[in-house]
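Report on the structure given below.
There are 2 protein chains.
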Amino acid sequence: MSAMQYGFSDDGRRFTIDSPTAMPHASAFLWNRRMMVQATCRGFATAQFMQPEPAKYAHAPTLEARSFMQPEQPVYAHHPGRFCYVKDEDDGTLCSLPHEPVRASADGFAFEAAPEALTWRVERDGLAFEWRLTLAVDDVAELWTLRVRNASGRTRRLSLYPYFPVGYMSWMNQSATWREDLGGIVCSSVTPYQKVADYFVQRDFMDRTVLLHANAPDAWDARQAAFEGEGGLQAPSAITDAPLLGCRDADYEMPTAALQYRVVLADGDEREERFVFGPARDDAQIHALRANYLAPGGFEAAATAYADYLAGGRGCIDIRTPDAWLDAFANHWLPRQVYYHGDVNRLTTDPQTRNLLQDHMGMAYLQPATARAAFLRALSQQESSGAMPDGILLVDGAQLKYINQIPHTDHCVWLPVFLQAYLDETGDDAVLDVAVTDAQGHTASLAERVDRAMHWLLSARDARGLSYIAQGDWCDPMNMVGYQGRGVSGWLTLATAHALRLWAGIRARHAGDAAADVFAQGAQACNDAANAHLWDGEWYARGITDDGVVFGVQRDTEGRIYLNPQSWAMLSGAADATRRTQLLAAVEAQLVSPYGVAMLDPPYTGMRDDVGRLTQKFPGSAENGSVYNHAAAFYLHALYEAGDADRAWRVLRAMLPGPDAHDLLQRGQLPVFVPNYYRGDWRGHPRTAGRSSQLFNTGTAAWLYRCLIEGLFGLRGEGDALRIAPQLPSHWSEASVVRRFRGAEITLQVRRVPGVDTMRVRADGHVLDAPRLRGIVAGARHRIDVDLPA
Amino acid sequence: MSAMQYGFSDDGRRFTIDSPTAMPHASAFLWNRRMMVQATCRGFATAQFMQPEPAKYAHAPTLEARSFMQPEQPVYAHHPGRFCYVKDEDDGTLCSLPHEPVRASADGFAFEAAPEALTWRVERDGLAFEWRLTLAVDDVAELWTLRVRNASGRTRRLSLYPYFPVGYMSWMNQSATWREDLGGIVCSSVTPYQKVADYFVQRDFMDRTVLLHANAPDAWDARQAAFEGEGGLQAPSAITDAPLLGCRDADYEMPTAALQYRVVLADGDEREERFVFGPARDDAQIHALRANYLAPGGFEAAATAYADYLAGGRGCIDIRTPDAWLDAFANHWLPRQVYYHGDVNRLTTDPQTRNLLQDHMGMAYLQPATARAAFLRALSQQESSGAMPDGILLVDGAQLKYINQIPHTDHCVWLPVFLQAYLDETGDDAVLDVAVTDAQGHTASLAERVDRAMHWLLSARDARGLSYIAQGDWCDPMNMVGYQGRGVSGWLTLATAHALRLWAGIRARHAGDAAADVFAQGAQACNDAANAHLWDGEWYARGITDDGVVFGVQRDTEGRIYLNPQSWAMLSGAADATRRTQLLAAVEAQLVSPYGVAMLDPPYTGMRDDVGRLTQKFPGSAENGSVYNHAAAFYLHALYEAGDADRAWRVLRAMLPGPDAHDLLQRGQLPVFVPNYYRGDWRGHPRTAGRSSQLFNTGTAAWLYRCLIEGLFGLRGEGDALRIAPQLPSHWSEASVVRRFRGAEITLQVRRVPGVDTMRVRADGHVLDAPRLRGIVAGARHRIDVDLPA
């Protein structure tokens, strides 16, 4: 222990220590009537004040609660990560893979995203490192490979320190130690409970975190504070001050998992190490992880299994266009993102009903059976009123949480929206007759249940025929418009019309026009009401508040125009040709930005008490004037439905960071997923406009994929046929796609041919009178050639 | 923007960038059926898995939720703190005050805790720095002073960078900028809401954080990421790479508050700067902060006001003993801690009822009127059954939270415990007749209400006469013992007996023996039941579970003996002389450790499903075998009540880190407050045993102060008299105290006098027959001399 002078002053009113290191946590506190601040000798401070519950004004740079995934979540030095320190034992230099925590510059660096793995490649001083992550399929297990190759022309002596910080696990019980028998560092914790019932839920939690190795290291450290020492993360004392890690355990101290391998590499030599990192419940699970993955061939078998898993989410199109980035994105990355949403439901237990239905709308193109089952599950949770709940419970004991506790009124809309896409893709009209039993034990056919849902939508309108918004609709955070029960949603009125129209079409085919009539009439009534009360002269208003204030209109200085009502007025048929021209011009003039189409403009700069949470969000962020890709995708869909190919192309392409470096850097986003938003307010905040949310949970993926399939390439099912109506942007001279459809494989080649004035379609060499391919059977292959006017 | 190579591979399945700095947030994600992991190009990673709700296995090293204050909360590089970077403009060297973030070693360092201020003094390279924090009284405002004096013998050119990290304020809206008109950096945020009702609570929150200066700086930075740059906190790029800070604002980016002062100091020159840091609602509040504190003389006026505020919590004893550290602690620090608890109620809006009553038991010695009001407020929230609620609501709209939602059964016990101390100290028997109206509008006198509470305690017992524990009693986390409604608490049975005895005594004085008889008989019944069912041969058991398992007994291998039942069996009179000897021996043998008396032993190493949460806690931490000072203080009180002066002294002294350096370092605690616990399990975890929780919220303070006053110095009110019964440890030859009592000032001098065989007391020079000073009137001064046997 360090020498230290310390003691009370003679009058006892001051206590002093003269070292910031001997007692690093030594603290004292001050308080007054409204606050307290506790400071340590090193300068750290925790302060709270009352307003009236305890609050903070200086914050840890992290999410303050276990919460849903958030956009633009900041990182910081101690943010969780996976690293490997490298010490040159000859000259003592220290660096780390991949970049953090040391942040040393490298001779070469590459971060490579592939569907099945993330790989960092770093070259430094003649050494080539590879740091690679892939996953197991059904285990919560990260599979890490470290490779180092010596190309320096001389023998090198190194220490490699894989470092997996584990962080603050629990205020109840946390510890960590080396387990020789298990082959790694085991960090243990207990999830705290206060209510007895929670204990029985939590007691089987996987409360351990383990780092397992294939080869035993030379030393280890499991205690974060001791590992860092005074050097901190950039130069941990455990590494710089001693030849070997301290082999220290953690007893109710913050755990970590650090290993040390001392290696000597002759020129040309290579070394590989493998690790498994993840949670576990008990020794048996840890043994199983080791047996499954760290035995010889374990990673190879896991890679095969994971590739098989990913192949299960193979897309239904392979495209080839003049835009190579779009091809890569559409062929590999976008279906992967759609698959993620549909196969694991965003890793939630209570997905919002609208999200589940739209996510599985995308899944209809990948795994129709999965989509079908999800739809039936959702419908089995329909309420007796015909309404759909705010979230769909996926596991026993799940509860509606967060935003799902706030009443929204749009969920029924998504039933026919899903069904239209699903039935077009599969022709599975038989699903309409499937019996669905709800929680009350009542059984009804799917079609009857959707009937009820549509009637509920029709009933949830005011005397004017406008749809109540309650505390929100698709735009979650607009929750002050109608919480008193009177406010209505312009978008939802139009979306109701669109849903009713879709359902009327499906119902007519299924049960005849008589069964569909009420819905067709309802759609017309909604459209009429919207035109009567929401058309503002150049575009449709967003809604009318409890107090009768129409908003999203020309007289508003903020939130003057919203995108959604315009898109859905096109889809629902509310907008006639004149109004369509007007609203498109308004969108073009006010919402189109360099980074896509904003959801509203101008962004709100402060709270509007009658609109709500959306207006509290930072201008340009999230829904408040951002390029909210989900809304942009609705617009895109509407444009393709309207045959507006060139405008659609611009909207579509803006969802993907382009090959232009400036664009890529400004967005800060790799083109391997579409994020839920890019920041908007490009006039007000040009510096940060375009920045990606980095959040890959978004209904955008499904819609964008649908738009590529049914819009850009125009290959949509229609009854028992495949309709062919590609909408290439005018600057493309050709494009091709292989489309998998109901088990058949159709190759479409589209060319612009000089002298052609209307689209000409040949199927397997024969000219089609109507652009529909019929008689499709599973296993067949077809070749379609489309000539477009040049 | 940095040059960067990037792009898709030919097959589109890989996307690569070759820079970790050009797009620092660039990320990609992997998922499988049970998890997802999103990693950035720099190596940061966020992973979640389902069990069934989203969970993490690598954690940010911080509390994961806005929660109550936690013990042993870890700090980390980005933990909130208050710092000042210092750059030598001539040689470029960088250091920081007080130690973090640069962690450079200093020529001299002092961290000084005084009741009114925390001061760091750092000497480095001929420069003497002072960094000082004090508080305003009624504003949430930290008042900071920076002083630097040049004693280097040469002119120095420096840049001083006060740096107040503000951290992640909100996922809704956060920004920061310089406000010339307000004189500082203003960071803005919006507290997120989802439920409409929350909005109306939150809309007036002080959601800004401001750093205001007395003198305008030369430059500033309000954007955390840009301030740090690649240099990180240890060498921020904004400081090392440019002569002036970048004057950058933050737009939905993590805010910070950094200023820069360029100063030139001739040898002997000194510079002082002042700052105010804290939250604010709006410009008007910020203007007021500036006007109140940063105008000339503002800090001086605030210091006077704060000293006046602290003087309001002056203790009732000034002691002088052979132990100088105890004197300092008892005269300045312990009453300060008691005052903190009583004046601001631990900065909660719903203190646990037991905490409020015990905290104000301490306040009875400082501000009896405040204690009286708190007691009456608590009693006004009594339930119609006579039970007390789990927490006392202090402000409109407050709700019972956290542990206060878990039913506990001990709250009524603390009513007579408080009253005994309060009445002894004040003689205010009139309070017993005060009418108290409850939430239902029913009015009853205080005495009638306590009667009902005592009857409720008597009723909440099983057929054996043992007290039900429900989901907990004083030992909060023992919540599986009786949640099914049958389990009983040994401690609570004895505590009920003690409370009934105390109340019988008060009631007899107030209304005669007849009124008291039922309570005296009840006490006896509880004691009899405890002796019949809980005496285990050497000590008292802790309880009996729902399933009839007696625990805290000899056959248990963990949790074999608990301290509380022993202490309270002494207080309640359950233990006769024989049993008292036995249980004291058991405590001595099993619970006494180098760092105090453990609450139980041996600590639990795993969950006992029939005992509950306590057994999940880390062995030696919190209540699971720690030296839980609150429990130790009960024991201390019982020892003084029993006249066991030497044993009491050892318990008392162990609560305070001693002048012994090893003890101080092992505990890591300054002797300026008593923490809620020191880690126990000194046999199982000797390395970490004794470590302080650093948590200053604890009922220990009140009990410890009471024990000093009434036990060690033996000056307790008794009816209209002051009883004199000092219990000095036998190795003290003398001690003295000035005692303020009911407005009089009594100086007590205790001496061990050879030849004296029983205590001899003189008051103002006259020998007293009985050791009671009578006729005390406010404003009087008395001198008492006590001679003790040597």
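Chains U and X, in that order, give the protein sequences.
Under the UniProt record's numbering, the first residue of the first sequence is numbered 1, with each subsequent residue one higher.
Under the UniProt record's numbering, the first residue of the second sequence is numbered 1, with each subsequent residue one higher.
Glycine included, every Cβ here is placed at the ideal spot set by N, Cα and C.
Contact between the stretch 666–675 of chain X and the stretch 690–709 of chain X is present, with at least three C-beta pairs closer than 8 Å.
When the beta-carbon positions are compared, Met454 (chain U) and Leu494 (chain U) stay at least 7 Å from each other. Contact between Pro603 (chain U) and Gly543 (chain U) is absent: CB atoms are separated by about 17 Å, not below the 8 Å threshold. Within 8 Å of the CB of Arg33 (chain X), the CB atoms of chain U belong to Val137, Asp138, Tyr309, Asp343 and Val344, in sequence order along the chain.
Put simply, the backbone Cα of Gln337 (chain U) is about 10 Å away from that of Leu30 (chain X). Distance from the Cα of Ala744 (chain X) is smallest, within the candidate group X:Asp323, X:Asp11, X:Ile776 and X:Ser736, for X:Ile776. For Gly596 (chain X), the secondary structure class from DSSP, reduced to helix, strand or coil, is strand. When the Cα atoms are used, Asp267 (chain U) and Leu127 (chain U) turn out to be separated by approximately 10 Å. Between the alpha carbons of Gln669 (chain X) and Ser188 (chain U) lies a gap of roughly 27 Å. If you look at Met36 (chain U), you'll find it isn't in any alpha helix (DSSP H); it sits in the beta strand (DSSP E) that goes Met35 to Thr40. At a beta-carbon threshold of 8 Å, the residues of chain U lying near Asn331 (chain X) are Gly12, ordered along the chain. Close to Leu233 (chain U), with beta-carbon spacing below 7 Å, are these residues of chain X in chain order: Ala77. The beta carbon of Ala288 (chain X) sits no closer than 7 Å to any beta carbon of chain U.
If you look at Tyr261 (chain X), you'll find it in the beta strand (DSSP E) that goes Pro255 to Leu265. In this model, Pro726 (chain X) and Ala460 (chain X) are separated by some 38 Å (Cα to Cα).
Contact between the stretch 150–166 of chain X and the stretch 119–133 of chain X is present, with at least three C-beta pairs closer than 8 Å.
With its beta carbon at least 7 Å from every one in chain U, Met759 (chain X) lies outside the interface. Only those residues of the stretch 448–473 of chain X whose C-beta falls short of 7 Å from the nearest C-beta of chain U are listed: Gln471.
The Cβ of Glu100 (chain U) sits closer than 7 Å to at least one Cβ of chain X. For Phe551 (chain U), no Cβ of chain X is located within less than 7 Å of the residue's own Cβ. At least 7 Å separates the CB of His213 (chain U) from every CB of chain X. Under the Cβ criterion of 7 Å, Tyr483 (chain X) is counted among the residues facing chain U. Secondary structure of Cys95 (chain U) (DSSP, three-state): strand. Neighbours of His685 (chain X) in chain U, taken as residues whose beta carbon is under 7 Å from its own, are Asp251 in chain order. Listed in chain order, the alpha helix (DSSP H) runs fully inside the stretch 73–151 of chain U amount to none, counting runs of at least 4 residues.
When the beta-carbon positions are compared, Glu142 (chain U) and Phe277 (chain U) come within less than 7 Å of each other.
Taking Leu294 (chain X) as the centre and dropping the five residues before and after it, the same chain places the C-beta of Gly183, Leu212, His213, Ala214, Arg274 and Val276 closer than 8 Å to its C-beta, in chain order.
Within chain U, no C-beta atom comes less than 9 Å from the C-beta of Ile392 (chain X); the nearest is roughly 14 Å away.
Boundaries of the beta strand (DSSP E) harbouring Glu273 (chain U): Glu270 to Ala280, taken from the DSSP string. In the structure shown, His213 (chain X) falls within a strand segment according to DSSP collapsed to helix, strand and coil.
For Asn564 (chain X), the closest C-alpha among the options X:His408, X:Ala763, X:His637 and X:Thr545 is that of X:His637. Residue contact check for Thr615 (chain X) against chain U: no CB pair falls below 7 Å. Of all residues in the stretch 159–187 of chain U, only Phe164, Pro165, Val166, Gly167, Tyr168, Met169, Trp171, Met172, Asn173, Gln174 and Ser175 come within less than 8 Å of chain X when Cβ atoms are compared, listed by chain position.
Where Pro162 (chain X) is concerned, the enclosing beta strand (DSSP E) starts and stops at Arg156 to Pro165. Within the same chain, Cβ atoms closer than 8 Å to the Cβ of Phe741 (chain X) are found at Cys316, Glu425, Leu715, Gly717, Leu722 and Ile776, the five residues on either side in sequence being excluded. Rounded to the nearest whole angstrom, the C-alpha separation of Leu492 (chain U) and Trp171 (chain X) is 27 Å.
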